[in-house]
Amino acid sequence: MTALDKIANLQSQFSPNGQKIATLVLAQPELVVSLSSQELAKVANVSQSSIVKFTQRIGFKGFPAFKMAISEELARHNTIGGNVLNQLSTQLEPNNTLASSLSKMAQQKANAIIDTTKAIDTQLLTDIAARLSQAQRIQLVGLGANAIITRDFNDKLLALGLPVIHSKDHALQSTIANTLTEQDVLFVISNNSEQPILQLTAHAAKLRGAGIIVISTPDDLLLNSLADMKLDVICEPPLHSIANQHFNLHLAAQQTLTDIICIALQQ
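Note that the sequence shown covers residues 1 to 267 in UniProt numbering.
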């Protein structure tokens with residue numbers, strides 16, 4: 001997960017001074033690169049020590065490391081034509097030309113894939129591949145639009161010779177989960193865990209002692225609490241003028257993660 005993503009996800013948990021800093025950094029990340037910690041503190045109307053504590057709160061040793069991370073993130077987005085400072089640049093508007101709309105749509109999907117892969121912990125990826133390789137059974141679950149990615153992942157795992165269980169019947173998901181053991185894995189692909197069937201399935205697998213691996217969003221609190229291993233999908237706000245664009249961006253990122261897992265399984 002990028003530094004700006006961490007700030008956005010943790011913003012509500014910060015102290016009042018931390019929230020001032022977060023608001024400023026998210027609105028104008030270029031200030032982090034161009035200013036010293038003392039200068040940034042003046043702009044945010046906080047003390048210099050608050051800046052240092054803020055950077056440590058989000059996982060950095062100090063302001064220099066934080067400054068470098070933001071600089072790299074801005075450079076990466078500029079390289080692919082993105083704009084961290086103004087997400088409206090990727091919003092489709094009624095007066096956009098077709099060429100402009102195509103470019104913006106491609107940019108949003110590219111951002112979803114790049115941001116998601118950048119957030120991957122390679123050791124976690126190795127651990128996930130090892131757990132899947134050792135599992136006696138792997139139950140795959142994905143509801144709604146996520147079922148598209150789940151079916152594709154099912155076919156790829158079968159091609160690799162792994163013992164996969166995947167049912168299109170939603171009513172059978174929790175029933176199958178109740179047969180899992182400590183040697184098995186429940187693998188969930190989701191945008192959120194609000195569906196009752198998904199909640200029942202995940203809780204059933206947990207009670208049976210099965211390992212739980214999840215691909216979902218960072219704010220999916222239920223799956224975060226149940227997962228033994230989790231890969232996050234990182235996406236920008238959706239394009240308002242396209243139906244289900246929010247899900248399309250997630251699907252692109254989800255499929256990238258499942259493809260990367262398959263690569264790890266073959267290493």
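Ideal placement from N, C-alpha and C gives every residue a C-beta, glycine not left out.
I'd like the list of long-range same chain contacts for residue i, defined as Cβ closer than 6 Å, with 5 residues on each side in sequence excluded.
| i | result |
| --- | --- |
| Val214 | Val188, Leu223, Ala227, Lys230 |
| Leu158 | Val164 |
| His170 | Ile197 |
What would DSSP say about residue i, mapped onto helix, strand or coil?
| i | result |
| --- | --- |
| Ser216 | strand |
| Gly62 | coil |
| Asp184 | coil |
| Val233 | coil |
| Leu35 | coil |
| Asn248 | helix |
| Ile148 | helix |
| Gly161 | coil |
Could you tell me which of the options sits nearest to residue i, measuring between CA atoms?
| i | options | result |
| --- | --- | --- |
| Ile261 | Ala177, Ala129, Val233 | Ala129 |
| Asp5 | Ser15, Gln13, Leu26 | Leu26 |
| Glu30 | Asp169, His203, Met68 | Met68 |
| Leu180 | Phe153, Asp155, Glu72, Ala135 | Ala135 |
| Pro218 | Ala65, Asp232, Leu132, Val52 | Asp232 |
| Ala264 | Thr201, His170, Thr122 | Thr122 |
| His203 | Ile176, Ala8, Ser133, Asn191 | Ile176 |
| Thr117 | Val43, Ile234, Gln266 | Ile234 |
| Lys206 | Gln183, Asp220, Ser15 | Gln183 |
| Lys109 | Gln266, Gln267, Leu249 | Leu249 |
Suppose the cutoff is 7 Å on Cβ atoms and the five residues either side in sequence are ignored; what does the same chain contact list for residue i look like?
| i | result |
| --- | --- |
| Ile149 | Gly142, Ile189, Leu251, Gln254, Gln255, Thr258 |
| Gln48 | Ser37, Gln38, Ala41 |
| Ala3 | Ile58, Phe66, Ala69, Ile70, Glu73 |
| Phe63 | Ser37, Ile51, Val52, Thr55 |
| Leu124 | Met229 |
Label residue i either buried or exposed according to how many other C-beta atoms from any shown protein chain fall within 10 Å of its C-beta, with 16 as the threshold for buried.
| i | result |
| --- | --- |
| Thr55 | buried |
| Ala106 | exposed |
| Thr201 | buried |
| residue 271 | Examination of residue 271 is not possible in this model, given that the chain is present from 1 through 267 alone. |
| Ala75 | exposed |
Once the 5 residues before and after residue i are set aside, which same chain residues still bring their CB inside 8 Å of it?
| i | result |
| --- | --- |
| Val185 | Arg131, Leu132, Ala135, Arg137, Ile138, Gln139, Ala210, Gly211, Ile212, Ile213 |
Can you give the beta carbon distance from residue i to residue j, rounded, assuming they're within the 8 Å contact cut?
| i | j | result |
| --- | --- | --- |
| Asn45 | Lys20 | 7 Å |
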